[in-house]
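Remarks on the structure that follows.
Chains as they are written, first to last, in the numbering used here: chain A, 1 to 387; chain B, 1 to 138; chain C, 1 to 283.
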């Protein structure tokens with residue numbers, strides 16, 4: 001089946017070469033980082049996690065969001081998702097792979113990574129994170145591959161897949177809950193120490209992941225003969241809309257609790273992120289980029305006539321994806337370290353090699369996604385031509 | 001029709017890469033390790049008492065596991081005393097026990113490690129003894 | 001207790017050891033938890049009654065310990081005495097030279113085991129308005145608090161950092177994967193990561209040949225001088241300034257530190273987090 005990924009138009013190959021170019025530069029930077037140490041990044045004693053872990057956190061959400069397609073299709077028999085579910089599952093595979101790569105590049109001794117399994121430590125959330133992520137990847141590979149194989153051979157989906165599909169639903173929730181627990185269980189980091197962390201993670205994930213899926217599907221419908229279906233796109237758009245509204249609501253909860261209680265420790269990180277603190281405010285511009293994009297995205301999706309226009313739908317999804325990415329892929333992780341335990345503000349900015357490595361991993365994700373989706377498109381086009 | 005030549009070229013490249021290590025080292029005989037135990041500290045011991053923490057054969061075959069166990073004993077279990085099969089006591093420490101006698105890392109440790117192509121990371125952290133400049137040796 | 005002399009050989013010969021040692025026990029217990037057997041159930045199957053003993057102790061190493069530990073090392077720091085000229089620098093220098101702590105200056109890559117800060121920042125969040133002027137100006141020595149309930153130990157995915165039965169929060173640099181979860185978890189900023197090769201920031205001529213350096217990519221911190229305690233010596237900082245620092249057994253009501261704490265008012269950092277620091281500041 002995978003041979004279907006080898007036959008493509010020149011622009012398909014140009015896209016792959018472009019991605020490989022970015023990956024090449026990032027690989028070079030990664031070897032440099034392995035040689036010199038993580039000191040070549042912008043991370044330091046005070047901001048000890050940076051853009052790598054932030055991407056990891058964000059992408060766990062993207063991976064989990066496949067469940068927003070799986071639930072309507074398999075639990076509520078919403079048939080209009082039958083054609084697109086495979087694209088969601090493949091998006092999850094690409095996202096989990098990126099998550100794992102971000103962990104590999106972030107840790108100081110990657111060659112010792114299997115110590116996590118060699119010395120299993122059930123009191124560490126990271127231990128569970130490794131288990132649930134690996135499990136989620138496996139489930140999606142099993143389900144995605146077998147469903148597509150059955151489609152290609154014009155057979156019904158095998159019945160033994162059903163338990164795996166059902167399992168994938170709570171499992172998707174678990175990966176992002178566990179990832180939220182990485183943060184929410186730490187004493188002394190006030191921005192993270194909140195019970196709504198996991199719900200908020202899930203809400204922003206169920207907005208940003210499907211938003212990315214809509215964008216991908218819109219691109220696919222332009223470059224191939226595959227049509228995801230107007231109704232499918234509109235239903236995903238509604239999912240994005242409600243998830244994003246819940247996410248913004250939960251952000252509001254955080255702001256209320258911190259500021260009405262007037263506890264300095266809880267207010268400081270939010271002040272740093274949105275207004276700057278003691279003259280430091282490197283992330284303020286980012287956060288105030290995210291806010292209007294979130295608002296615009298929500299408003300556009302709320303208006304049915306706007307939502308139905310594919311150009312506007314694409315813009316709204318891109319806005320929401322960008323807003324969620326800034327919120328989780330930058331603000332949340334870095335903001336949690338500011339101010340530091342001594343109430344000093346040490347700021348962070350990513351370095352060139354760090355950004356190159358980050359882009360390379362995104363490119364690897366895009367490459368995996370492209371190849372997997374190419375196969376899926378080929379199968380869907382065949383189906384369309386035979387029926 | 002089945003692209004036989006492509007497959008053959010691909011196979012040739014694969015075999016070439018797979019056996020790279022052999023091509024790379026062909027014709028180069030690695031010198032047989034010469035392990036020296038003539039450090040000042042060892043020479044100080046009278047001949048009959050010139051013994052390592054365990055016997056020579058054991059140390060040759062099992063020193064890596066002994067060192068691994070010592071690591072866990074000292075660091076994790078807080079037990080810094082090792083009693084050997086002869087009933088003698090030693091301080092559990094790579095730097096302060098092993099390397100006090102074997103102060104010639106290059107002529108001792110490295111000899112076999114280089115020969116067998118292993119590079120243990122002990123000395124990334126543990127400080128190797130400053131070796132006496134050459135010429136003192138007779 | 002552990003049959004140490006021949007353990008290595010036994011393992012080498014792959015003899016079957018019928019009795020289960022502690023490590024195997026914890027592994028099995030952990031794996032059973034993972035596979036949904038349920039932690040408590042697994043404990044009950046393996047060693048009836050063991051769990052209750054462990055629950056009253058302090059974390060994993062307490063499995064073999066009695067409910068009340070015989071030793072819990074702790075430290076008192078007399079901040080007024082630290083204000084005397086040279087005391088703080090002498091302590092820091094003693095610590096950093098005996099442990100081969102690299103000097104990256106005041107950069108993002110810096111590594112520190114023992115350092116100085118002021119009242120306002122050391123007690124950030126708990127700083128008292130209108131604190132006595134002299135307290136505000138005293139230097140506060142900062143180090144790992146060797147918490148009784150250490151958050152760093154709780155989050156470590158490999159048990160590379162662990163609480164010893166004597167209360168010292170130790171690091172196993174051989175096992176650390178450098179994930180820095182412990183740094184995010186430590187509310188005291190006591191942990192440093194080796195962002196670069198520490199040997200590049202050390203003077204080879206000033207190495208303490210009896211102690212290792214660390215390698216790139218692992219987290220390090222104050223170890224309460226366990227290597228010196230094993231020899232019956234005081235921690236290096238205490239030896240450098242015995243008039244200002246005292247070290248002893250907090251679990252013993254008659255120990256030097258307990259006697260001091262009975263007489264003098266003291267403060268500890270961030271008590272509201274429940275980590276129970278073992279470092280007490282006398283003011």
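Note that CB positions come from ideal geometry on N, CA and C, so glycine has one too.
Here the structure is a predicted model, which means the values were calculated and not measured.
| query | result |
| --- | --- |
| Could you list which residues in chain C have their beta carbon closer than 9 angstroms to that of residue 116 of chain A, in chain order? | 157, 158, 177, 179 |
| Determine whether the beta carbon atoms of residue 181 of chain C and residue 218 of chain C lie at a separation below 9 angstroms. | no |
| What are the residues in the stretch 120-149 of chain A lying within 9 angstroms of chain C by C-beta distance? | 120, 121, 122, 123, 124, 125, 126, 127, 128, 129, 130, 131 |
| Between A:86, A:130, A:180, which lies nearest to residue 148 of chain A when the distance is taken from Cα to Cα? | A:86 |
| Taking 7 angstroms as the limit between beta carbons, can you name the residues of its chain near residue 235 of chain C, skipping five residues before and five after? | 224, 225, 228, 247 |
| Suppose you measure from the CA of residue 22 of chain A to the CA of residue 57 of chain A; what does that come to, to the nearest Å? | 22 angstroms |
| If I measure Cβ to Cβ from residue 225 of chain A and keep anything under 7 angstroms in the same chain, skipping five residues before and after, which residues do I get? | 381, 384 |
| Short of 9 angstroms Cβ to Cβ, which residues in the stretch 187-221 of chain C face chain A? | 187, 188, 189, 190, 191, 192, 193, 194, 195, 196, 197, 215, 216, 217, 218, 219 |
| May I ask you to list the residues that DSSP assigns as paired with residue 7 of chain A? | Per DSSP, none; premise fails for residue 7 of chain A. |
| Of the choices A:60, A:360, A:248, A:33, whose alpha-carbon is the least far from that of residue 196 of chain A? | A:248 |
| Would residue 334 of chain A and residue 277 of chain A be called neighbours here (beta carbons separated by less than 9 angstroms)? | no |
| Which same chain residues, not among the five before or five after residue 201 of chain A, have their C-beta less than 7 angstroms away from its C-beta? | 61, 176, 179, 180 |
| Closer than 9 angstroms, CB to CB, is residue 138 of chain C near chain B or not? | no |
| Closest Cβ-Cβ distance between residue 257 of chain C and chain B: below 9 angstroms? | no |
| For the 8 angstroms Cβ check, are there 3 or more pairs between the stretch 363-377 of chain A and the stretch 74-85 of chain A? | no |
| For a cutoff of 9 angstroms on Cβ pairs, would you count residue 81 of chain A as touching chain C? | no |
| How about residue 269 of chain A and residue 65 of chain A: do their beta carbons lie closer than 9 angstroms? | no |
| My output table needs one value for residue 126 of chain B: the three-state DSSP class, helix, strand or coil. | coil |
| Could you check whether the stretch 127-145 of chain C touches the stretch 88-99 of chain A, counting it as contact only if at least three pairs of C-beta atoms, one from each stretch, sit closer than 8 angstroms? | no |
| Can we say the stretch 93-103 of chain C touches the stretch 243-257 of chain C, given the rule of at least three CB pairs closer than 8 angstroms? | no |
| What is the DSSP secondary structure of residue 81 of chain B, counted as helix, strand or coil? | strand |
| Below 8 angstroms CB to CB, which residues in the same chain sit around residue 105 of chain B once its five sequence neighbours on both sides are set aside? | 99, 123, 128, 129, 131 |
| Is the CB of residue 343 of chain A under 9 angstroms away from at least one CB in chain C? | yes |
| So, does the stretch 310-322 of chain A touch the stretch 37-49 of chain A, judging by three or more C-beta pairs under 8 angstroms? | no |
| According to the Cβ coordinates, are residue 27 of chain A and residue 350 of chain A closer than 9 angstroms? | no |
| Sorted by chain position, which residues of the same chain lie with C-beta nearer than 7 angstroms to residue 284 of chain C's C-beta, five sequence neighbours on each side aside? | A question about residue 284 of chain C goes unanswered here, because the residues of chain C that appear run from 1 up to 283. |
| Using a beta-carbon distance below 9 angstroms, is residue 154 of chain C in contact with chain A? | yes |
| Starting from residue 142 of chain C, follow its DSSP beta bridges and name the residues at the other end. | C:115 |
| What does a CB cutoff of less than 8 angstroms around residue 220 of chain A pick up in its chain, not counting 5 residues either side in sequence? | 87, 226, 228, 373, 377 |
| Run through the DSSP bridge pairs and tell me what residue 279 of chain C is partnered with. | C:75 |
| Can you check whether the C-beta of residue 396 of chain A is within less than 9 angstroms of a C-beta belonging to chain C? | A question about residue 396 of chain A goes unanswered here, because the residues of chain A that appear run from 1 up to 387. |
| Could you compute how far the alpha carbon of residue 24 of chain B sits from the alpha carbon of residue 17 of chain B? | 11 angstroms |
| Less than 9 angstroms between CB atoms is the rule here; does residue 262 of chain C satisfy it with respect to chain E? | Structure shown: chain E not included; protein chains present are A, B and C. |
| Here's the rule: buried if 16 or more other CB atoms are within 10 angstroms of the residue's CB, otherwise exposed. What is residue 63 of chain A? | buried |
| Leaving out the 5 sequence neighbours to the left and right, which residues in its chain are closer than 8 angstroms to residue 198 of chain A when beta-carbon positions are compared? | 176, 177, 180, 181, 184 |
| Classify residue 271 of chain A as buried or exposed, calling it buried when 16 or more other Cβ atoms lie within 10 Å of its own Cβ. | buried |
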